[in-house]
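In this text, residue positions in the sequence shown follow this note's numbering: the first is 20, and each later residue adds one. The C-beta atom is built at its ideal place from N, Cα and C for all residues, glycine as well. All of these numbers come straight from a predicted model, not from anything done at the bench. What follows is a set of notes on a single structure, which appears directly below.
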Amino acid sequence: MSEISRSSGCIDVNKCFCGIPVTVKKSSTSNNPGRRFETCKFYNPVTKLGGCNYFRWFDRVQTDCQRVIINNQNMRENLLTNELELKQEDLANVKEEKNRLGMEVERLKKKVKTVKEENSRLKGECSNRNGIPTHVASTAKLWKFMLRR
20 MSEISRSSGC IDVNKCFCGI PVTVKKSSTS NNPGRRFETC KFYNPVTKLG GCNYFRWFDR
80 VQTDCQRVII NNQNMRENLL TNELELKQED LANVKEEKNR LGMEVERLKK KVKTVKEENS
140 RLKGECSNRN GIPTHVASTA KLWKFMLRR
């Protein structure tokens, strides 16, 4: 077992082999899920560099039942997190589609307005002479004139 030096203050603080106060971390392994341990705050377990390799379990040993329950809860949390991310992505896609459709609606409203204005303009050009539009009446007069010759 590792030796622990204690500070001389009112509160006992565990120190690592470097002589500095330890840090408490939480295990994320399936063998010891969520179990807390003390370690040198400068030690990197991945690279095994920095600080010292001081290690001591902070929590008591877990039972198999506790381990299974915690692992199941962690899996459930991961599934729910993934589901939430998918729902957020779906929501973002729906919002994007809503914006696209909103722009399409505005474009179509402008087109309807333009068509109505053109319709009104054409109605204004129509003469009431036998209900024939002016340009059609002019063309008919031209044909009658041409046919008489």
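query: Rounded separation between M94 and V80 - CA only; result: 21 Å
query: Opening and closing residue of the alpha helix (DSSP H) in which T133 lies; result: 83-144
query: Test item: CB-CB of C71 and C37 under 9 Å; result: yes
query: Buried versus exposed call for R119 [16 or more other C-beta atoms within 10 Å across all chains shown]; result: exposed
query: Continuous beta strand (DSSP E) stretch holding T58: start and end; result: 55-58
query: DSSP-derived helix/strand/coil call for N33; result: strand
query: Integer-rounded CB distance, given that E96 should sit under 8 Å from R75; result: Going by Cβ atoms, the distance from R75 to E96 rounds to 27 Å, so no, they are not a contact pair.
query: 6 Å CB neighbourhood of C35 in its chain, flanking five on each side removed; result: V41, C59, C71, Y73
query: Anticipated Cβ contact below 8 Å, I89 with G53, distance rounded; result: 5 Å
query: Between the CA atoms of E104 and K132 - distance to the nearest angstrom; result: 42 Å
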